[in-house]
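Keeping their order, the protein sequence lines are chains U and H.
Every position in the first sequence, counted from 1, becomes a number in my numbering once 797 is added.
Every position in the second sequence, counted from 1, becomes a number in my numbering once 7 is added.
A virtual CB, placed ideally from N, CA and C, is assigned to each residue, including glycine.
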Amino acid sequence: MNDIAYFKDQFEQLQEADPKGTIAGLRQSGFDSFSKAGVPTFHDEDWKYTNVSSLFDKEYPIAGLSGVTLADVDAVRLPGSELANELVFVNGRFVAGLSNIRSGISDLIVLPLEVAATGAYKDLVAAQLDHSSNYLSDGIHALNTSFICGGVFIHVLKGKEPKHPVYFYHILDTRQHPSLAQPRSLVLVDESSRLQLTETYATLGPSDSFNNQVMEIVVKENAFVEYYKIQNDTANASQVNTTHIRQIGRSYVHTVTLTLNGAIVRNNMNLVLDANGNETHLYGLYLLKGKSHADNHTLIDNLKPNCFSNQLYKGIADDASTAVFNGRIMVQPDAQKTNAYQSNKNILLSDNATINTKPQLEIFADDVKCSHGCTVGQLDEEALFYLRARGIPKESAEVLLLEAFAADIVEQIKPEVLRSYVAKLIYEHLAIQ
Amino acid sequence: MKEKSGTLEQAVLNEYKYGFVTDIDTDVIAKGLSEDTIRLISNKKNEPEWMLDWRLKAYNHWLKLVEPKWPNVKYPPINYQDIIYYAAPKPKKQLNSLDEADPELLATFDKLGISLNEQRRLTGVAVDVVMDSVSIATSFKKQLSEIGVIFCSISEAIQEHPELVKKYLGSVVPMTDNYFAALNSAVFTDGSFCFIPKGVRCPMELSTYFRINTENAGQFERTLIIAEEESYVSYLEGCTAPLRDENQLHAAVVELVAHTKAEIKYSTVQNWYPGDKNGLGGIYNFVTKRGMCKGDHSKISWTQVETGSAITWKYPSVILKGDHSIGEFYSVAFTNNYQQADTGTKMIHLGKNTRSRIVSKGISAGHSQNSYRGLVRAGKQATNARNYSQCDSLLLGDKCGAHTFPYIEVKNKTAIVEHEATTSKIGEDQLFYCRQRGIDAETAVALIVNGFAKEVMNQLPMEFAVEAQKLLAVSMEGSVG
């Protein structure tokens, strides 16, 4: 399949329906970059360990109105949903009819992206949307931009701490044919406000799904953001998941990415620290089985002085799975007094599994403290022996140790409902041999 | 740390003391690269037919390749037709002893601090000297040959030991390996050849000095070291070049083969001309170095002190093929002014119970960029492979950069790989401690940097350790403040 020609028709159809405005312009420039860059191959340094060609060897008919019902959504809901603002995306498009916005408009505003781009938020959207393309020049990211349609804009108002967290449910319906979803969202967390955001994914049906998602979050002075991503989709579900967070005022960001299942899962977590004194914590956990391939790329770009960042990514690769970690810390000349830490720890449980890890430091300022460490190893023989000597069967002892290994990350999930839910997911995931 | 002492300024002025040109009669061929150039080189060296075929094959492959762009270095495109591929000091008659060598030439090496006569008498180091394209003198040959060690120039080896050269040349770094290795395979002019027979522990350090003298000449040397079963050799390599405004290309290939229970220790002090304060001139040092631990229980250890070259681009690697084999890499890379270094190692674990250790210390000053790039790969069969890597960077100034790109690929569940890296500047408290005790800022920085690099310096043979420490101190002069 010729990727560019294939998408060109669909792109032109989309442009015809809505030829003017900010978003149409963005789509055009996105498609131009996609035409130029094409689908990444292993010759691209950022895609060296992840082969996405299998995602582009099939046709994805335009989804249209899917038959996703409320019952389907019920099956996907996360604990705590009865108190949450639930946003449902079907095949990448926001469906207001299935969603529940519980916060009042004095706390939180949710608008279709197209509406925000023409109304009161026009200038803001024009200024902030697609900032991520400054950091990601590959074809897949550009492809998302070429097909911006049915996205959302969220604004947490100044000084507000909405008591209802925000949940995103991404539902891909493959009951008729393979599904490609390209959701796009822009979130503005205003001064002195607070946002808790959780995303989860579900593929319905037997065909392959490919979720090519981009979310951009802009964080202002004194704001506090918690962001959780739970990826526990089916074995035929793939995604390229980009989260681009810009801290443009002194603020605090805390993220946890959890990957349990999926075919090819690529996460780009970009943090742009564009204000003095930002604090950022990134956590990740990937527990891979079967033929899953998970690739976590993190990027922290320190632009301003006195920022602190801490990253801890842990993973287990079993069966024929592949885990990739690429952590990149950049410290620009102005970013003196940066403190940046990064750690990546892996356990390899099978000779058919692979772990590729590449922590990178690129430092252009001298008064900094940066370090990274990474390890690849196995379960501690002595700890295993200790447990077995106390009559615990080998399998249970292994699960116990792996659970403990994962606990470092699980405990970073602050809301109790989600934490206990994830702990249970992980236990079940590890216990099934 | 703001004020500069008078001596400090002086030190900045006479930065590179090896920058003289020797006025020596040189046999130079015309610039440019073509099949004819290669035939000419081969002809001048009186090479057998198979060697010429090998070169031409490499050349034809090179034509198909494109220059790699992935290293973290920037330089204007190289015009491969504007390089002299062969330059040899004349007259090139067979030398029986050093006394017959051109006095001008001997004086050159005196200036470099390697008086061949003295070296021979005092230190007991066997030296092979390569100037521009050809090997000009090899000392201690007789004593070495008595115990069966072959240490000569590679041209000589092609003539006298063709069976060994045929067997091993390109066995570790194939001619198709990469752009610069292919170029080197096509046009290499000289280099050292070293063969340690079974069970022999080479009684002295073997050493090669490389010097580029002729303007516009590229140096393409090829080194091949073979350690037979249960043998040991320690090999040293040093490099210098004159001051020039143009950039000169140095693309060498070094191949090491260690058989069962053999050990090769390869040390480099690289001090090619780094260019001036404004980044003008200097050597492009694009080198492929690789060792193969072919037999069980073999060991290869690379130690490098990199202070010179405008651009350094090299990754001394070890392929751990034999079971229980060991690979080591110790490196200090110092960059100042506008130097760029992209250096590191590759440890490819293939055999069982293989171990490797990487210690890399990068120091950047001025406007320089210093990158560590390394690969640790544990293959599927590499049961119990073990690696420990440590990469530390020290920044002396706010205009330089320090970068780390470690690649780790593990396919075996019993492998244990660890990597650690830190980047920092010299602690104010450390400086304060020294200054409070009456040590001036510059000496204090030198002291701290030397301490930082100690772990690697300790790995150098004694003769080199002293030189390397001095070199580091000289390179650092003027970088404080």
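Cα-Cα, which of K353/H, L63/H and P78/H is closest to V71/H? According to the sequence displayed, residue 71/H carries Lys and not Val. It is L63/H whose Cα lies nearest to the Cα of K71/H.
Proximity winner among E435/H, F459/H and G458/H, relative to A448/H (alpha-carbon distances): For A448/H, the closest alpha carbon among the candidates E435/H, F459/H and G458/H is that of E435/H.
How would you list, in chain order, the residues of chain H whose beta-carbon sits under 7 Å from the beta-carbon of P876/U? Here the premise fails: no neighbours, minimum Cβ distance about 35 Å.
Is S1004/U close to chain H? Criterion is C-beta to C-beta, closer than 8 Å. By this cut-off, S1004/U is not an interface position.
Quick one: which unbroken beta strand (DSSP E) runs of 3-plus residues sit fully inside the stretch 249-287 of chain H? Chain order, please. Listed in chain order, the beta strand (DSSP E) runs fully inside the stretch 249-287 of chain H are 254-257, 260-265 and 270-277, counting runs of at least 3 residues.
Give me whichever residues DSSP pairs with K1166/U in a beta bridge. The partner list for K1166/U (beta bridge, DSSP) reads N1136/U.
Can you grab the Cα-Cα spacing for the pair F412/H / D349/H, in whole Å? About 10 Å.
So, is M464/H buried or exposed, given that buried needs 16 or more other C-beta atoms within 10 angstroms? The residue is buried, with at least 16 neighbouring Cβ atoms inside 10 Å.
Pair within 8 Å by beta-carbon distance, I355/H and S324/H: Between I355/H and S324/H, the CB-CB gap stays under 8 Å.
Just the chain H side, please: which residues come within less than 8 Å of P1130/U by C-beta, in chain order? Listed along chain H are D405 and K406, each with a C-beta nearer than 8 Å to that of P1130/U.
Closer than 7 Å between beta carbons: that is the criterion. Which residues of the stretch 72-98 of chain H meet it against chain U? Residues passing the 7 Å Cβ filter: W77.
With burial defined as no fewer than 16 other Cβ atoms inside 10 Å of the residue's Cβ, what is the status of L983/U: buried or exposed? Buried, since its Cβ has 16 or more Cβ neighbours within 10 Å.
CA nearest to the CA of I1042/U, picked from K1134/U, F1021/U, K805/U and I1061/U: I1042/U has its Cα closest to that of F1021/U, out of K1134/U, F1021/U, K805/U and I1061/U.
Quick one: using the 10 Å Cβ neighbour count with 16 as the cut-off for buried, is K1211/U buried or exposed? Burial call: exposed.
Can you grab the Cα-Cα spacing for the pair S1048/U / E1076/U, in whole Å? About 6 Å.
How many Å lie between K845/U and S400/H at the Cα? Whole-angstrom Cα-Cα distance: 26 Å.
Of all Cβ atoms in chain H, is any one closer than 8 Å to the Cβ of Q925/U? Not closer than 8 Å to any Cβ of chain H, the Cβ of Q925/U fails to qualify, so no.
Contact set between the stretch 415-438 of chain H and chain U, restricted to residues whose Cβ is under 7 Å from the partner: Those residues of the stretch 415-438 of chain H that come within reach of chain U (Cβ to Cβ, closer than 7 Å) are I415, E416, V417, K418, N419, K420, T421, A422, I423, V424, E425, H426, E427, A428, T429, T430, S431 and K432.
Per DSSP, cross-strand counterpart(s) of C398/H: According to DSSP, which records beta bridges pairwise, C398/H is partnered with S367/H and A428/H.
Find the nearest neighbour of P1102/U within the set P1130/U, F1122/U and L1085/U, judged by alpha-carbon distance. Ranking the options by Cα distance to P1102/U, first place goes to P1130/U.
Which first and last residues belong to the beta strand (DSSP E) in which C201/H is found? Element bounds for C201/H: S199 to I203.
Bounding residues of the alpha helix (DSSP H) (the contiguous stretch that carries Q88/H): Taken as a continuous stretch (DSSP letters only), Q88/H belongs to no alpha helix (DSSP H), as it is neither H nor E.
Tell whether a beta-carbon distance below 8 Å holds between A451/H and L438/H. Taking 8 Å as the Cβ cut-off, A451/H and L438/H qualify as a contacting pair.
Quick check: the Cα distance between Q1108/U and Y66/H, rounded to an integer number of angstroms? If you take the alpha carbons of Q1108/U and Y66/H, they lie about 47 Å apart.
From S896/U, L880/U, Q1036/U and A1150/U, residue whose alpha carbon lies closest to that of P959/U: Out of S896/U, L880/U, Q1036/U and A1150/U, L880/U has the C-alpha closest to the C-alpha of P959/U.
By how many angstroms is the C-alpha of A821/U removed from the C-alpha of D925/U? Position check: residue 925/U holds Gln in this sequence, whereas Asp was assumed. Whole-angstrom Cα-Cα distance: 15 Å.
Does the stretch 1110-1120 of chain U come into contact with the stretch 876-895 of chain U, if we say contact requires no fewer than three beta-carbon pairs (one atom in each stretch) closer than 8 Å? By the C-beta criterion, the stretch 1110-1120 of chain U is judged not to be in contact with the stretch 876-895 of chain U, since fewer than 3 inter-stretch pairs fall below 8 Å.
Among Q1010/U, N882/U and K1155/U, which one has its Cα closest to the Cα of R890/U? For R890/U, the nearest C-alpha among the options comes from Q1010/U.
Min CB distance H1094/U to chain H below 8 Å: So no, H1094/U is outside the interface.
Which chain H residues are close to A1162/U, counting only those with a beta carbon under 7 Å from its beta carbon? For A1162/U, the chain H residues whose C-beta falls within less than 7 Å of its own C-beta are D405, listed in chain order.
For G282/H, collect the residues of the same chain with a Cβ closer than 6 Å to its Cβ; drop the 5 residues on either side in sequence, then sort them by chain order. So the qualifying residues of the chain are G288, G289 and A317.
Tell me whether M469/H sits in a helix, a strand or coil according to DSSP, three-state version. The answer is helix: DSSP assigns M469/H an H, G or I state.
Measure the C-alpha to C-alpha separation of Y1218/U and E427/H and round it to an integer number of angstroms. Cα-Cα distance, rounded: 34 Å.
What are the boundary residues of the alpha helix (DSSP H) that includes C441/H? Looking at the DSSP string, the run of the alpha helix (DSSP H) that includes C441/H is E435 to Q443.
According to DSSP, residues forming a beta bridge with M299/H: Residue pairing by DSSP places M299/H opposite V264/H and I326/H in a beta bridge.
I'd like the list of long-range same chain contacts for L1096/U, defined as Cβ closer than 6 Å, with 5 residues on each side in sequence excluded. Taken in chain order, the residues that qualify are N1067 and R1125.
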